[in-house]
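Student:
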Amino acid sequence: MNRRTLNLRALPVPHPMTRADRVPAQRYYDSEFYAAENELLWPRVWQMACFLAEIPHPGDYITYNILDKAVVVVRGDDGSVRAFHNACRHRGVELVRGRGNLRSGFICPFHGWCYGLDGVNTFVYQPDLFEESNRRPEDLNLVPCRVETWGGSAFINFDPNARPLHDCLKTAARYCDPMKVEGLWPEWWLSCRLPTNWKLAMDAFMEGYHVMQTHPQLFPSGASRQVYRDVSESVASMERLSAQLAVGHVKKVDPRMFVDQQLHMMRSVSVGMAGLIHEKDVRIAEGLRNIELPDDFGGAIAGWTRALHDAILTWNSNQGIDMPDLHAVDAQGLTGITFCFPNYFLLPYLSSGAAYRVRPLGPEECLFEIWSLTRYPPGEAPPAPLEPEPMLADDPRWSLIPSQDFSNLPSQQRGLHADGFEYMRLSDRIEGMIGNYQRLIDGYLAGLPHEHLVAAMQQVCGHTECESRDIGF
Ligand code: FES
Ligand SMILES: [Fe+2]
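Just so you know, the sequence shown maps onto residues 986 to 1458 in the numbering used here.
(1) Using DSSP with H/G/I as helix, E/B as strand and the rest coil, what is Met-1409?
(2) Decide if the region 1359-1371 is in contact with the region 1302-1309; the criterion is three or more beta carbon pairs, one per stretch, under 8 Å apart.
(3) Out of Trp-1098, Ser-1392 and Arg-1268, which one is the CA nearest neighbour of Ala-1296?
(4) Unbroken alpha helix (DSSP H) runs of length 4 or more, entirely within the region 1325-1404: which are they?
(5) Comparing C-alpha positions only, which one of Trp-1173, Val-1057, Trp-1174 and Gly-1193 sits nearest to Ala-1139?
(6) Just to check, is the beta-carbon of Trp-1356 closer than 8 Å to a non-hydrogen atom of ligand 1?
(7) Ignore the nearest five residues each way along the sequence and tell me which others in His-1435's own chain have a CB closer than 7 Å to its CB.
(8) Distance check for Gly-1085 and Val-1059, CA to CA, integer angstroms please.
(9) Taking only three categories from DSSP, how would you classify Ala-1157?
(10) Per DSSP, what kind of secondary structure is Ala-1221 in: helix, strand or coil?
(11) Could you have a look at Met-1002 and say whether DSSP puts it in helix, strand or coil?
(12) Which residues in the same chain as Val-1030 place their Cβ atom closer than 6 Å to its Cβ, once the five residues preceding and following it in sequence are excluded?
(13) Does the beta carbon of His-1195 fall short of 8 Å from some heavy atom of ligand 2?
(14) Rounding to the nearest angstrom, what Cα-Cα distance links Asp-1239 and Glu-1277 in this structure?
(15) Report whether the distance from the Cβ of Val-1101 to the nearest heavy atom of ligand 1 is below 8 Å.
(16) Taking Met-1033 as part of the beta strand (DSSP E), name the residues at either end of that continuous run.
(17) Nearest-angstrom Cα distance between Asp-1062 and Gln-1011?
(18) Which residues in the same chain have their Cβ closer than 7 Å to the Cβ of Trp-1135, if we skip the five residues on either side of it in sequence?
(19) According to DSSP, simplified to helix, strand and coil, what is His-1435?
(20) What would DSSP say about Ser-1302, mapped onto helix, strand or coil?
(21) Any residue with its Cβ nearer than 5 Å to a heavy atom of ligand 1 should be included. What is that list in chain order?
(22) Which word fits Gln-1444, buried or exposed, when buried means at least 16 other C-beta atoms lie within 10 angstroms of its C-beta?
(23) Could you tell me how far apart the beta carbons of Asp-1315 and Thr-1290 are, in whole angstroms, since I believe they sit closer than 8 Å?
(24) Taking the straight line between their C-alpha atoms, what separation do you get for His-1096 and Glu-1372?
(25) Just checking His-1263 against ligand 2 - is the residue's beta carbon closer than 8 Å to any of the ligand's heavy atoms?
(26) Say whether the region 1113-1120 touches the region 1405-1418, bearing in mind that this needs 3 or more beta-carbon pairs closer than 8 Å, one atom from each stretch.
(27) From the DSSP output, read off the bridge partner residues of Arg-1178.
(28) Which partner residues does His-1070 have in the DSSP bridge list?
(29) What separation, rounded to the nearest whole angstrom, lies between the Cα atoms of Gln-1317 and Phe-1204?
(30) Taking only three categories from DSSP, how would you classify Val-1128?
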């Protein structure tokens, strides 16, 4: 099948995807499209509501807000995780806000009605004041919301008929489970209020094509030619070098410079993100600086990777920290940024990692959240970080890599409004995920049955840098 002409049939939605590699600009600002998402997408999808690390003890709760809805996720006496719509059954006051612990249940701040951690109403002040049909016990319990757990997080879904979480995130789990993402614990949490549509913020993290121009510090200038000795003069950029590496044109490397470049890349990402590649892993890698490696590219990369994985596994094992088998994960090609439709990313890497979540705040505004994740010895994890006050895109406190990404986004949102800019044109080879998930959104907006949506989800979830795929509609 020709990838460029996949899925030409337009779905009955505003500004539909008629080609997998073209995204109509209006999908990023049109109020009709935004309203359709709010009505037909968000109420039907699994959404990462919190890390389980935020609610480790009975009575711990967090509130999760999406659009005009609020859900409270709570750890019960029996250790199970439940979710309820955050509204008192009397006159609708929100029972809780933010995060906290209510070991003996919820007490409404307005007239004092009480609810157990299982949502059961336990107290109505002066019940005789209410007509009997307004105080039927079965009618007074908190309204439950679906909640399921995976990968160290609780996910909620407003749709009682949605397929189970695991069916939806099966592909993401195939990548993340071998990395034991459930053992990754949030270390810090930051958020940004971006003046862009929520999808635009996601797109910026779905391809590595922008790295050369947006994050040039990740590639020291001139280093690639020195490291890879038989690279032709025509290789002026890391990107072209990557292409030559991929087709096997580059065979000889200088092992010393190769190691220096690996360390440079790890340090640049670690400092630039203040995480993702954890400073623990960078320190361990620095200890391998004098490692002997062969001078052929394949041998050097294999030798370096094996030594680094060994050293990280040994360090963590000495600390009593449970780690994934990095060798096996690497051998299966499972490392990478994993997308969980519609708005969550997990980036397990070496011992640690990161997570992103994006939520709409309006047609042209969103909340972008970043967590740094790492592993701790049993019983030694610190309390999970508190929900941060959102910063602006140009806040000087952002570390280099997110500030570089955020600097493009407001300008891109403005550019989308330009006369004559009808659609984004995507590379169907490396920007495919953007077109894939946009078409899955169309599936939701068209009201397709869950069986079609779940099948499409298997094509859409997974590693971010991928080709345009046939998602079935
Ligand atoms: S609104 Fe909650 S007790 Fe009245
Ligand atoms: Fe980036």
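C-beta: ideal position from N, C-alpha, C; glycine also.
Tutor: According to the structure shown:
(1) strand
(2) yes
(3) Arg-1268
(4) 1385-1400
(5) Val-1057
(6) no
(7) Asn-1146, Ala-1147 and Arg-1148
(8) 10 Å
(9) helix
(10) Only weak support is given to the placement of Ala-1221: the predicted model assigns it a pLDDT of 45, under 50, and the value that follows is read from those uncertain coordinates. It is coil, neither helix nor strand.
(11) coil
(12) Pro-1327
(13) yes
(14) 11 Å
(15) Note on identity: in this sequence residue 1101 is Gly, with Val being the wrong assignment. No, since every heavy atom of ligand 1 falls outside the 8 Å radius drawn around the Cβ of Gly-1101.
(16) 1032-1036
(17) 48 Å
(18) Leu-1150, His-1151, Leu-1154 and Ala-1158
(19) helix
(20) helix
(21) Cys-1073, His-1075, Arg-1076, Val-1078, Cys-1093, Phe-1095, His-1096 and Trp-1098
(22) buried
(23) 6 Å
(24) 28 Å
(25) no
(26) no
(27) Leu-1352 and Leu-1377
(28) Val-1056
(29) 26 Å
(30) coil
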